[in-house]
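These notes concern the structure reproduced below.
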Amino acid sequence: MIYFIKILKKEFLIYSRKSSSFISPVVFFLISISLYPIGISNDPGILKNLAPGLIWITVLLSTLISFQNIFSEDYEDGSIELLLASGQNLSLIVLIKIFVNWIFSCLPIIILSVLSVFLLYFPQEGLKPLIISLLIGTPTICLFGALAGALSLGKNSITGPALMLPLSLPVLILGTQAINYSLNGINFSSNILLLTAILVFLLPIILFASVGALKLHFN
Amino acid sequence: MFQTLKNFYHKLGSYPWFYKISGKVIPFVGVLSISLIVISSIWGLFFSPIDAVQGDVYRIIYFHVPAVSVSQVIYYSMSVAAAVFLIWRMKMAGVYIKSLAPIGAAFTFIGLLSGAIWGQPTWGTWWVWDARLTSTLVLFLFYLAIIGMQSTFASRKSADTAVSIITLVGVVNLPIVKKSVDWWNTLHQPASISISGESSISNEMLIPLLLSILGVYFFVFFTGLLFMRAEISTREQNKEWFKKLSSNN
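If you're matching them up, the sequences are chains A and B in order. Whatever position you read off the first sequence (first residue = 1), add 59 for this note's numbering. Whatever position you read off the second sequence (first residue = 1), add 750 for this note's numbering.
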């Protein structure tokens, strides 16, 4: 147990000292959010309708910037190899890594998505489903990112995103739908429950698969 | 019975045995599949009756339905092979996934393309974000990810394992994609479009359709064997049994 707490602390330290790990997704998010009104239209009516999808897609794309961070540095300096050889529970270590990555890459964006009220004329009553769906949906996306990152370690190829984005489709659908439901006055709790179900269902599968994928690099 | 099955399964794992047997099977399967496709195409295109609503356009069904149905079956068979590979480390399963993925992608593409060509005159548009179309598109993307992953690993065994993992994760996710797309779709458009409108399909149309489906399945079997033989010969080109075989011919 102490071992895992130490790993957790170490991960926190690494992420907090490397500012680019949490600044670059935030910058990407802010730039994209302010580009939409310029590229599409500054008409509040149009932007209001598009906002839920735009925010969700931007969050999805900004995770593409950070998913390589989960394993790539540990792979380059060789500490992954030591973790694999340590005989500790690897799924738990991977879970810690994903959790810390989520805190540093997704949580700031989720907080900043409140800005869309001003930038995209997003209705205020939609904020609650937006935040809840992002809070529950983004961990699933981080899971897919971990799997994609574990499989494409050390290679700068399109395969990571090409694997991650189709997998994230259900989360995107359910997340935007929850916001649209609540804006139309429909109860959105079923979507949140489904998002939670997907997260809980996929968590053990993806952890297991990511550990298998990590081991592939050290035969 | 169980013993013979078990024997057959163990033999399947052997490259030389598979290479020998598949060489004998291929001519029959090839002739059967191509003749079935030719017969069903001629029957479907010239002799089956004209559809009352869609006219002659409906005849693309003889290409569309077999392609789409086989594309899903190939993915599910690949996921079974992936499980076999991860559990029993059977090398042949890796060969199977690698050889069948391009075929599956090709048939998914044919399905999407023929669907678009069919949709243009009947629905008035090449593409609709309908639930079925979207999930077929996602299936196509999964195939592309699997094919792309093949080249990212230097060692064959790692590549096979990685691809098996992706295939299994994909097959777990595919039903979720299907269901969520269904829900998403029902919000935006009510069921104004249904691909399976011809539930009361007449026998004169049904028989060539079934023949064409059968023909395409045999065609996949045929091309799958060819691709697997090609893959085996690249993997085993320096092995003794393969050199002996090629020097005999």
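Positions of the beta carbon are idealized from the N, C-alpha and C atoms, including for glycine. None of the values given here were measured: they were computed from a predicted structure.
Chain B within 9 Å of residue i, Cβ atoms only
i, result
"A:T197", "no"
"A:A272", "yes"
"A:P182", "no"
"A:S248", "no"
"A:L89", "no"
"A:Q127", "no"
"A:S216", "yes"
"A:A110", "no"
"A:S131", "no"
"A:A268", "yes"
"A:P188", "no"
"A:P229", "yes"
"A:S150", "no"
Contact with chain A by residue i, beta-carbon distance below 9 Å
i, result
"B:A941", "Low confidence applies here, because B:A941 scores a pLDDT of 39, under 50, leaving its location unreliable; read the following figure in that light. It does not: the Cβ of B:A941 has no partner Cβ on chain A nearer than 9 Å."
"B:M828", "no"
"B:I915", "yes"
"B:F903", "yes"
"B:L863", "no"
"B:S821", "no"
"B:M899", "yes"
"B:F835", "no"
"B:S908", "yes"
"B:W933", "yes"
"B:V878", "no"
"B:T911", "yes"
"B:A843", "no"
"B:V922", "yes"
"B:L894", "yes"
"B:I847", "no"
Three-way DSSP call (helix, strand, coil) for residue i in this model
i, result
"B:V932", "Residue 932 of chain B is actually Asp in this sequence, not Val. DSSP places B:D932 in helix when its eight states are reduced to three."
"B:G805", "strand"
"B:M751", "coil"
"B:M840", "coil"
"B:Q987", "coil"
"B:M828", "helix"
"A:L166", "helix"
"B:S944", "Summary for B:S944: the model assigns pLDDT 44, below 50, so the residue's position carries little reliability; its value from the coordinates is reported in the next sentence. Looking at B:S944 - three-state DSSP - the assignment turns out to be coil, as it is neither helix nor strand."
"B:T872", "helix"
"B:H938", "Its pLDDT being 43, under 50, B:H938 is placed unreliably by the model, and nothing is read from it."
"A:D102", "coil"
"A:Q147", "coil"
"A:F63", "helix"
"A:S308", "Summary: the structure shown does not reach residue 308 of chain A, with chain A confined to residues 60 through 278, and so no result is reported for it."
"B:L863", "helix"
"B:T902", "coil"
"A:H276", "coil"
"A:S227", "coil"
"A:G213", "coil"
"B:F796", "helix"
"B:V820", "helix"
CB contact check: residue i to chain C, cutoff 9 Å
i, result
"B:K929", "The chain inventory of the structure shown lacks chain C, comprising the protein chains A and B."
Of the listed residues the options, nearest to residue i (C-alpha basis)
i, options, result
"B:L862", "B:S819, B:A895, B:I847", "B:S819"
"B:Y808", "B:L782, B:Y893, B:I867, B:G780", "B:I867"
"B:V781", "B:E990, B:T984, B:L995, B:V966", "B:V966"
"A:L266", "A:S248, A:L210, A:T218", "A:L210"
"B:S1004", "B:D806, B:L956, B:V779", "Residue numbering for chain B in the displayed model covers 751 to 999; residue 1004 of chain B lies beyond these limits and cannot be assessed."
"B:S962", "B:I800, B:A817, B:F971, B:W876", "B:A817"
"A:L142", "A:S227, A:F260, A:L258, A:Y62", "A:Y62"
"A:V270", "A:L89, A:P103, A:I157", "A:I157"
"B:K994", "B:G869, B:V931, B:P766, B:T754", "B:P766"
"A:I114", "A:P188, A:A144, A:Y134", "A:P188"
"A:I264", "B:Q900, B:T973, B:V922, B:P852", "B:V922"
"A:E35", "A:P84, A:K77, A:F260", "This structure leaves residue 35 of chain A out entirely; chain A is present only between 60 and 278."
"A:V247", "A:I191, A:S80, A:G219, A:L154", "In the sequence as displayed, the identity of residue 247 of chain A is Phe instead of Val. Of the listed residues, the one whose Cα sits closest to A:F247 is A:I191."
"B:L894", "B:V913, B:V878, B:F903", "B:V913"
"B:Q987", "B:Y846, B:A831, B:Y769", "B:Y769"
"A:A110", "A:L212, A:I257, A:F177", "A:F177"
"A:C165", "A:G104, A:K107, A:H276, A:T117", "A:T117"
"A:S138", "A:G234, A:T199, A:K69", "A:K69"
"A:N160", "A:S172, A:N128, A:V230", "A:N128"
"B:I784", "B:L964, B:F752, B:F992", "B:L964"
"A:N101", "A:Y180, A:P229, A:L253", "A:Y180"
Expected contact under 8 Å - CB spacing of residue i and residue j to nearest Å
i, j, result
"A:Y74", "A:F163", "4 Å"
"B:E981", "B:K774", "The Cβ separation is near 18 Å, so there is no contact."
"B:I811", "B:L959", "6 Å"
"B:T984", "B:I853", "Contact flag wrong, Cβ pair sits at about 17 Å."
"B:V888", "A:P225", "5 Å"
"B:L918", "B:S829", "6 Å"
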